[in-house]
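Numbering (the working numbering), first residue to last: 769 to 1235.
Take a look at the structure below.
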Ligand SMILES: [Zn+2]
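Structure, rendered in structure tokens:
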């Protein structure tokens, strides 16, 4: 017997949008038909979705949620709830330094995986997975990679900057090992030589304010590193994913690489699509520090180029790079003159992905509804080995969002549920809102209220990456 039928909504897939009913049984999509009044008559529950969009649940492949700690036992759970409020039904986290992982986890990928799984077991409201951070401080960063792929962690990230970066030679080898074994390396592309030199010069001149975080990371610092990473991908013939691409210059490198057959996908983030470097003009150093992210916010021309890249397929997906930093904690040092290179990098976004891309993208005619579903759901699921996620298709997990496109509201930090205490988008007016969210057929959000259960979310062991 059918458990649930969603009636009268506009079902959106990559191929198109149509009025249809959706039947769910045993947590799986059982049927999508113009009229399922027959099964609805015998179903446990019928949900009216007339006037609504029925979307696949969003798959956010880039977050830095923090695992529970003694002092903050709810911080992982609470961010998973926040994600659900925003229409996200699966997310991938990194276990990089600062997310609650131990020094032992930084030295061994398998230790990191074991620790992270036990720290998050039974804690999430929605489905989730892990991408490991490959640290240059590891005893041997590469030997354990094949075992992590077999343990369901098909993707891991290497950094070209920060003290835990991988040296170029190891980056190259990591790409090859991942590609050979059915995994995919994610790369944070910024050039350490250019960046370290610019930071040293700024500090020498006494330019310590948060806004110098941005001026020391011009877009060519990102572009030259992107070009090098993509040359490595070309030489190893490995799938590679460029994380948080922020500039037109780096976008051009991806476009060129794709044209010659490099197996690259690239993501950008809502902050690069909505905000610009004007945010660094704020004279209040703490407010300015709220936008200390890497890469930094760019120009209006960069922002427009990224929207064009989403529309023309140069960019493959949007993910949040969520970091639940707080104004009164991680960012607070800016008030007492802490120099920009010491301020925690990152900004929150786990709850606002769908809202921003719908409102700024679809409602403003920059991308189609179908393209939004591709960018937020279908491509992230396919590329990252989440085989049962990311599309409204018979036999896949019934992860879906009932979205009301007619509402209007103003985004306020006080209305969000994440573990940060601010939003970079304070006061932005938004079109559309999430009404209901289901994960494997179970209600997590109903009428914009949380009705889920802690621990209902499952760790997803991912398939190999094939593209
Ligand atoms: Zn990140």
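Cβ coordinates follow ideal geometry from the N, Cα and C atoms, glycine included.
- At a Cβ-Cβ threshold of 7 Å, residue 957 and residue 994 count as neighbours.
- Shortest gap from the CB of residue 1089 to any heavy atom of ligand 1: under 6 Å.
- Taking the Cα of residue 1138 as reference, the smallest distance to any Cα among 1085, 890 and 848 is reached at 1085.
- As computed with DSSP, residue 1206 is found in a beta bridge with 1168 and 1211.
- DSSP, reduced to helix, strand and coil, places residue 1039 within a helical segment of the structure shown.
- When DSSP reads this structure, residue 1177 sits in a beta bridge with 1198.
- Under the three-state reduction of DSSP output, residue 981 falls in the helix class.
- Residue 1140 carries a helical assignment under DSSP once its states are collapsed to helix, strand and coil.
- With contacts defined as CB atoms closer than 7 Å, residue 856 and residue 826 qualify as a contacting pair.
- Leaving aside the five residues that flank residue 1107 on each side, the residues in its chain whose CB is nearer than 7 Å to its CB run, in chain order, 971 and 976.
- Rounded to whole angstroms, the Cβ separation of residue 1156 and residue 1142 is 17 Å, and the two are not in contact under 8 Å.
- Distance from the CA of residue 787 to the CA of residue 802, rounded to the nearest whole angstrom, comes to 6 Å.
- The bridge partners DSSP lists for residue 1218 are 1213.
- Cβ contact annotation for residue 1074 (same chain, cutoff 7 Å, sequence separation greater than five): 1019, 1036, 1040, 1041 and 1083, in chain order.
- Between residue 1043 and residue 1021, the CB-CB gap reaches or exceeds 7 Å.
- Burial state of residue 846 is buried, judged by a 10 Å Cβ sphere holding 16 or more other Cβ atoms.
- The continuous alpha helix (DSSP H) containing residue 941 extends over residues 936 to 948.
- DSSP places residue 890 outside both helix and strand once states are collapsed to three, so it counts as coil.
- Leaving aside the five residues that flank residue 1231 on each side, the residues in its chain whose CB is nearer than 7 Å to its CB run, in chain order, 922, 1153 and 1155.
- If the five residues before and after residue 834 are omitted, its C-beta is found closer than 8 Å to the C-beta atoms of 840, 843, 844, 847, 866, 867, 868, 1092 and 1187, all from its own chain and listed in chain order.
- According to the DSSP assignment, residue 780 belongs to the beta strand (DSSP E) that extends over 772 to 780.
- The continuous beta strand (DSSP E) containing residue 896 extends over residues 895 to 902.
- Residue range 1016 to 1027 is occupied by the alpha helix (DSSP H) that includes residue 1026.
- Taking 7 Å as the cut-off, the beta carbon of residue 1002 is found no closer than this to the beta carbon of residue 961.
- The count of Cβ pairs closer than 8 Å, one atom from the stretch 1194 to 1209 and one from the stretch 1114 to 1130, reaches three, so the stretches are in contact.
- Residue 773 places its beta carbon 7 Å or farther from that of residue 824.
- Per DSSP, the beta-bridge partners of residue 924 are 900 and 953.
- Here residue 831 is buried: its Cβ has 16 or more other Cβ atoms, across all protein chains shown, within 10 Å.
- In the DSSP annotation of this structure, the continuous segment of the beta strand (DSSP E) that includes residue 831 starts and ends at 826 to 831.
- Collapsing the DSSP output to three states places residue 813 in a strand.
- Using a Cβ-Cβ distance cut-off of 8 Å, the stretch 927 to 938 and the stretch 883 to 898 are not in contact, since fewer than three pairs of beta carbons, one from each stretch, lie closer than that value.
- The C-alpha of residue 790 is placed about 33 Å away from the C-alpha of residue 1116.
- Residue 823 has 1169 as its beta-bridge partners, per DSSP.
- Note on geometry: alpha-carbon atoms of residue 1228 and residue 920 lie some 7 Å from one another.
- Boundaries of the beta strand (DSSP E) harbouring residue 857: 856 to 862, taken from the DSSP string.
- One thing to note: residue 1185 has its Cβ no nearer than 7 Å to the Cβ of residue 859.
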